[in-house]
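Chains as they are written, first to last, in the working numbering: chain C, 19 to 134; chain A, 53 to 164. The structure under discussion appears below in the form of C-alpha cells.
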Amino acid sequence: EAQVTQNPRYLITVTGKKLTVTCSQNMNHEYMSWYRQDPGLGLRQIYYSMNVEVTDKGDVPEGYKVSRKEKRNFPLILESPSPNQTSLYFCASSFRDRASYNSPLHFGNGTRLTVT
Amino acid sequence: KNEVEQSPQNLTAQEGEFITINCSYSVGISALHWLQQHPGGGIVSLFMLSSGKKKHGRLIATINIQEKHSSLHITASHPRDSAVYICAIPLNYGGSQGNLIFGKGTKLSVKP
Numbered sequence: 019e020a021q022v023t024q025n026p027r028y029l030i031t032v033t034g035k036k037l038t039v040t041c042s043q044n045m046n047h048e049y050m051s052w053y054r055q056d057p058g059l060g061l062r063q064i065y066y067s068m069n070v071e072v073t074d075k076g077d078v079p080e081g082y083k084v085s086r087k088e089k090r091n092f093p094l095i096l097e098s099p100s101p102n103q104t105s106l107y108f109c110a111s112s113f114r115d116r117a118s119y120n121s122p123l124h125f126g127n128g129t130r131l132t133v134t
Numbered sequence: 053k054n055e056v057e058q059s060p061q062n063l064t065a066q067e068g069e070f071i072t073i074n075c076s077y078s079v080g081i082s083a084l085h086w087l088q089q090h091p092g093g094g095i096v097s098l099f100m101l102s103s104g105k106k107k108h109g110r111l112i113a114t115i116n117i118q119e120k121h122s123s124l125h126i127t128a129s130h131p132r133d134s135a136v137y138i139c140a141i142p143l144n145y146g147g148s149q150g151n152l153i154f155g156k157g158t159k160l161s162v163k164p
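Shown next, in the form of C-alpha cells:
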C-alpha cells in the first residue's frame, strides 16, 4: 500500500532532550517536507527536500534539523526541544517532475509532540 | 503578511446544501492545492489544479489564475463532509516550488 509513515504518533518529552521523528515513504517520491500545525496559525512548513542530499528551509526552520540521505526517509530532528515546539507535526511527499514541479501531496498521519 | 486568505473561517450547513469555500492569494503561482483535514487529524489531498476546473464526485475546484482566486464547491453536502478544508500554494524561490504556504483553513460542519 502506498503510504507515508510517521513515527511516533504521540511523543511527550522534556526540554533539551534530543529527539527524532521519522518519516518514510514507499512511492519513490522526490519531494518530502515537514510541517507543523498550531491552533490559529494553521500549517507552516519547517523544511523540505527536493531530492536526496537537497534540503531547504521553509517558513519556521529554527530549532529543527533534517537530513535526506536516502530517497525514502526524511527524519526531523529536534536537537534541544523547547516547549514552544509543542505542536502537531506532519510529513508529506510527492513527485517532482520537470514539467510542473507540482503533484498531489501525500501526508503521514501526524505526530503530536508535547515538550514539558 | 497573509499571502493566502481563506473564507469563510467557519461554515455550518444543512445536509444537502451547496457549499462554497474561497481561497485568494497574492503572488503568481503555477498550481494550487486543496486539502481536507478530517476531525481525527489526518490530511488528504483533494485537488491540485493550475487552471480551469476539476471535479471528483461531489467536489468541484475552480481556479482563476488572473484573479488569483480559487473556489472549492461541495454539491449535495453530507455530514461526512464535515472537516477542515485548506488551500496551499507553492512559492517559487529560485525556481524551486518546494516552499508551500497554507491558508488557515475553513472548518465545515454539515448538520443532518
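All C-beta atoms in this analysis are idealised placements derived from N, C-alpha and C, irrespective of residue type, glycine included.
query: 7 angstroms Cβ shell around G147 of chain A - same chain, five flanking residues per side excluded; result: Interpretation of G147 of chain A is limited by its pLDDT of 49, a score under 50 that renders its predicted location unreliable; the figure taken from the coordinates is listed afterwards. Excluding positions up to five away in sequence, the list is empty.
query: Inter-residue Cα distance where the pair is S82 of chain A and S123 of chain A; result: 16 angstroms
query: Neighbouring residues, chain A, relative to F108 of chain C (Cβ below 8 angstroms); result: I95
query: Three-way DSSP call (helix, strand, coil) for D133 of chain A in this model; result: helix
query: Positions along the segment 58-78 of chain C whose CB lies within less than 8 angstroms of some CB in chain A; result: G58, L59, G60, L61, R62, Q63, Y66, S67, M68, D74, G76 and D77
query: Opposing strand residues paired with M50 of chain C [DSSP bridges]; result: C:S67 and C:S111
query: Candidates A:A140, A:V136, A:L152 and A:G155, of which the one nearest H90 of chain A by Cα; result: A:V136
query: Extent of the continuous beta strand (DSSP E) to which I71 of chain A belongs; result: I71 to Y77
query: P5 of chain C (DSSP reduced to helix, strand or coil); result: Nothing in the structure corresponds to residue 5 of chain C, since chain C is present only between 19 and 134.
query: Chain-ordered chain A contacts of Y28 of chain C [CB-CB under 9 angstroms]; result: Chain A residues near Y28 of chain C: none, gap ~11 angstroms exceeds 9 angstroms.
query: Interface flag, Q21 of chain C vs chain A, CB-CB below 8 angstroms; result: no
query: DSSP three-state assignment for R86 of chain C, whether helix, strand or coil; result: coil
query: Residue burial classification, M50 of chain C (beta-carbon count within 10 angstroms, cutoff 16); result: buried
query: Rounded C-alpha distance that separates Y145 of chain A from G60 of chain C; result: Because Y145 of chain A carries a pLDDT of 49, less than 50, the predicted location of this residue cannot be relied on, and no value is offered for it.
query: Neighbourhood of N74 of chain A by C-beta, 6 angstroms cutoff - its chain only, sequence neighbours within 5 removed; result: S59 and S123
query: T31 of chain C and V133 of chain C closer than 8 angstroms at C-beta; result: yes
query: Neighbourhood of G94 of chain A by C-beta distance below 8 angstroms, restricted to the same chain and skipping five residues each side; result: none
query: Simplified DSSP state of H124 of chain C, which is helix, strand or coil; result: strand
query: The segment 25-44 of chain C touching the segment 56-73 of chain C, judged by at least three CB pairs closer than 8 angstroms; result: no
query: For L123 of chain C and L152 of chain A, the rounded distance between their alpha carbons; result: 11 angstroms
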